[in-house]
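Position 129 of the sequence shown, counted from 1, bears residue number 129 in full-length UniProt numbering, the numbering being contiguous throughout.
Heads up, the beta-carbon is just placed ideally off N, CA and C, and yes, glycines get one too.
Here the structure comes first, spelled out in structure tokens, and everything after it is commentary.
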Amino acid sequence: MAHQVAILVGSLRKASFNRKTAHALIDLAPPSLQPQILEIGDLPLYNEDIDGDEPPAPWVTFREKLHAAEAVLFITPEYNRSVPGVLKNAIDVGSRPYGKSGFSGKPGGVISVSPGAIGGFGANHHLRQSLVFLDVLVLQQPEAYLGGAGQMFDENDQPTERTEQFLRKYVEAFEGWVKRFK
Ligand code: FNR
Numbered sequence: 001m002a003h004q005v006a007i008l009v010g011s012l013r014k015a016s017f018n019r020k021t022a023h024a025l026i027d028l029a030p031p032s033l034q035p036q037i038l039e040i041g042d043l044p045l046y047n048e049d050i051d052g053d054e055p056p057a058p059w060v061t062f063r064e065k066l067h068a069a070e071a072v073l074f075i076t077p078e079y080n081r082s083v084p085g086v087l088k089n090a091i092d093v094g095s096r097p098y099g100k101s102g103f104s105g106k107p108g109g110v111i112s113v114s115p116g117a118i119g120g121f122g123a124n125h126h127l128r129q130s131l132v133f134l135d136v137l138v139l140q141q142p143e144a145y146l147g148g149a150g151q152m153f154d155e156n157d158q159p160t161e162r163t164e165q166f167l168r169k170y171v172e173a174f175e176g177w178v179k180r181f182k
């Protein structure tokens with residue numbers, strides 16, 4: 001059985017470079033992985049007051065899907081040298097209720113994508129700080145700070161050869177990483 005991988009994309013933008021990266025990676029994934037984007041755009045902002053017996057339906061669905069995944073892969077832009085609020089909100093929702101986090105002990109990965117030169121390095125490492133606390137076991141190598149996102153895809157939104165080469169290398173390393181825990 002292929003390992004289910006939940007991909008959390010940190011951008012809601014239709015033409016998002018991060019979403020294109022997620023799709024390219026899904027296309028390149030080996031048969032032993034089953035990566036799927038787990039949508040985060042409809043999650044109400046986390047509020048402990050409403051996290052009782054009947055939490056909002058989108059939280060419930062999201063948590064169920066997150067729990068079902070064996071690994072988590074974050075593909076995110078950098079906003080103000082950190083992760084976009086929409087992604088942090090999804091992480092907060094997925095980490096609760098207390099003691100029932102959907103992240104604990106799972107293998108994970110972080111890819112940051114930016115049109116800028118430093119490839120979202122700040123977001124990538126800010127995110128890793130939360131993942132330490134959440135006990136997500138993050139792949140260390142290859143690191144994935146993808147800069148110059150404007151040149152990563154062709155006019156049909158397909159990855160260029162260079163992009164494909166890197167993503168193939170990354171997803172193969174990620175496959176090896178996930179298998180170490182199974
Ligand atoms: C940005 N952007 C940005 N880029 C970067 O490299 N470092 C940064 O700190 C920021 N900060 C930032 C804040 C806000 C509020 C926005 C809207 C944008 C630019 C960002 O990388 C660019 O919009 C990307 O295209 C966003 O990723 P998607 O939507 O293409 O996946």
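Check	Outcome
Where residue 7 sits in the DSSP three-state scheme	strand
Bridge partners - residue 71, DSSP secondary structure assignment	5
Residues near residue 63 in its chain [Cβ-Cβ closer than 6 Å; skip 5 each side]	102
Residue 89: CB within 8 Å of a non-hydrogen atom of the ligand FNR	no
Rounded straight-line distance, which links the Cα of residue 94 to that of residue 59	8 Å
Beta-bridge partners of residue 165, as assigned by DSSP	Bridge partners of residue 165: none, in fact.
Pair within 9 Å by beta-carbon distance, residue 73 and residue 7	yes
Assumed close pair residue 136, residue 124 - CB separation to whole angstroms, cut-off 8 Å	Actually they are not in contact, since the Cβ atoms of residue 136 and residue 124 sit about 14 Å apart, beyond 8 Å.
Pair within 9 Å by beta-carbon distance, residue 83 and residue 37	no
Member of 115, 48, 122 and 176 whose CA lies at the smallest distance from the CA of residue 139	176
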